[in-house]
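Q: The first sequence begins at 46 in the numbering used here and counts up by one. Backbone N, C-alpha and C define an ideal beta-carbon position, used for all residues, glycine too. None of these values were measured; they are calculated from a predicted model.
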Amino acid sequence: MYDAKGFRLATFNANGIRARVPIILRWLEKNRVDCLCIQETKVQDQDFPESPFTEAGLNLAYRGQKAYNGVAIISPHEIREVKFGFGDGKHLDDDETRLVRASIQGIEIINAYVPQGRAIDHPNYEKKLRWFQRLKELLSRDYSLEMDLALCGDLNVAPEPIDLYAPERKEDHVCYHRAVRQAFQELIEWGLTDLFRRFHPDEPKQYTYYDYRIPKAVDRGLGWRIDHILTTPPLTGRARDCWIDMEPRRWEKPSDHTFLMAEFE
DNA sequence: ATGGTAGTAAAACTA
46 MYDAKGFRLA
56 TFNANGIRAR
66 VPIILRWLEK
76 NRVDCLCIQE
86 TKVQDQDFPE
96 SPFTEAGLNL
106 AYRGQKAYNG
116 VAIISPHEIR
126 EVKFGFGDGK
136 HLDDDETRLV
146 RASIQGIEII
156 NAYVPQGRAI
166 DHPNYEKKLR
176 WFQRLKELLS
186 RDYSLEMDLA
196 LCGDLNVAPE
206 PIDLYAPERK
216 EDHVCYHRAV
226 RQAFQELIEW
236 GLTDLFRRFH
246 PDEPKQYTYY
256 DYRIPKAVDR
266 GLGWRIDHIL
276 TTPPLTGRAR
286 DCWIDMEPRR
296 WEKPSDHTFL
306 MAEFE
């Protein structure tokens with residue numbers, strides 16, 4: 046059922062997991078990933094829809110809060126060493142519902158939902174930039190470049206002009222402003238590879254997020270590549286492909302089919 | 001058109 050040699054990893058912003066359970070189950074049936082990282086579950090732990098997944102033989106690790114944030118990992122394998130937040134003793138705000146770490150089949154997983162930032166002159170943007178700084182510190186403290194590590198999730202940053210529509214009009218947007226792009230680059234400089242871009246250099250209009258307030262955003266190509274899978278050198282070496290699952294009009298809403306996937310040997 | 005809608009959860013917030 047699952048390829049014993051290979052490992053398939055996916056990330057998905059659910060925007061409310063309770064509304065997405067049927068979609069996720071159907072998607073998992075078709076895609077058979079070894080690990081699915083989810084952001085924006087928007088549900089308290091006591092209300093998390095466990096049984097649809099456990100009855101399908103899947104294991105879960107999740108932490109959420111009422112209405113906002115929330116992260117989860119779903120896997121057919123044992124999910125080991127689950128940790129929430131940065132573990133730096135700071136326990137700031139909503140860290141524990143934005144960051145979950147685990148080890149699955151010997152691969153270290155960091156599933157992150159980076160704060161969106163609201164506006165570049167809003168305090169939340171400072172928080173977002175600090176969040177990237179803390180991610181970098183987390184990498185230095187708890188991980189090494191020799192590990193099989195994937196940092197994935199909704200990082201809320203489009204790294205390059207090719208990664209969003211109308212970049213010339215988005216320079217003051219919290220997901221494209223120079224400071225947040227620089228923060229992303231510092232993760233890359235630590236030694237991670239933007240796996241999607243490695244397999245699709247210079248390929249435009251490959252987006253993982255479409256604002257559902259914009260009519261026909263998918264058809265009009267009004268999207269952003271803000272969800273990412275970043276890998277350490279040994280895991281990059283094992284990677285066979287990375288792609289965005291887009292099957293237009295198969296689902297009702299843009300967010301229903303923007304899974305980012307990677308396959309490793 | 002600096003708009004719009006989706007989800008959560010019960011009026012208004014985040015994205």
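Roughly how many angstroms lie between the CA atoms of R108 and S120, to the nearest whole one?
A: Rounded to the nearest angstrom, the two C-alpha atoms are 15 Å apart.
Q: When the Cβ atoms of the segment 300-308 are set against those of the segment 264-275, are three or more pairs found closer than 8 Å?
A: With the cut-off at 8 Å, the segment 300-308 and the segment 264-275 touch.
Q: Roughly how many angstroms separate the alpha carbons of C197 and L237, rounded to a whole number?
A: Approximately 11 Å between the Cα atoms of the pair.
Q: Which of the three DSSP states is assigned to T276 in this structure?
A: Note: T276 maps to strand in three-state DSSP.
Q: Since Y188 and L194 are thought to touch, with beta carbons under 8 Å apart, how far apart are those beta carbons, to the nearest angstrom?
A: That pair is a contact at about 5 Å.
Q: Taking C-alpha atoms, which residue in R65, R77, N169 and G282 lies nearest to F93?
A: When each option's Cα is compared against that of F93, the closest is R65.
Q: In angstroms, rounded to a whole number, what distance separates the CA positions of G51 and Y221?
A: Approximately 34 Å between the Cα atoms of the pair.
Q: Based on Cα-Cα distance, which residue from R270, Y113 and R186 lies nearest to F229?
A: The candidate whose alpha carbon is nearest that of F229 is R270.
Q: What are the residues that DSSP puts in a beta bridge with C80?
A: Its beta-bridge partners are L54.
Q: Could you tell me whether the segment 207-224 touches the segment 163-182, using the rule of 3 or more Cβ pairs below 8 Å?
A: Touching, per the Cβ criterion.
Q: Considering only residues of the same chain and omitting the five flanking positions on each side of L267, which have a CB-CB separation below 6 Å?
A: Counting only Cβ-Cβ distances below 6 Å, and skipping sequence neighbours, we find Y210 and I259.
Q: For R63, name the three-state secondary structure that DSSP assigns.
A: The answer is helix: DSSP assigns R63 an H, G or I state.
Q: Taking the C-alpha atoms as reference points, what is the distance between D79 and N104?
A: Cα to Cα, D79 sits roughly 11 Å from N104.
Q: Could you pull the DSSP bridge partners for Y254 from this structure?
A: According to DSSP, Y254 bridges with W269.
Q: Suppose you measure from the CA of R265 to the CA of A284; what does that come to, to the nearest Å?
A: Near 31 Å, if we compare the C-alpha coordinates of A284 and R265.
Q: Bridge partners of I289, per DSSP?
A: The partner list for I289 (beta bridge, DSSP) reads L305.
Q: By the three-class DSSP mapping on this structure, what secondary structure does A211 have?
A: A211: coil per DSSP, three-state reduction.
Q: Between T56 and Y254, what straight-line distance do the alpha-carbon atoms span, to the nearest angstrom?
A: In a straight line, the C-alpha of T56 is about 12 Å away from that of Y254.
Q: Candidates G61, I62, K75 and N60: which alpha carbon is nearest D290's?
A: Among G61, I62, K75 and N60, the Cα nearest to that of D290 is on K75.
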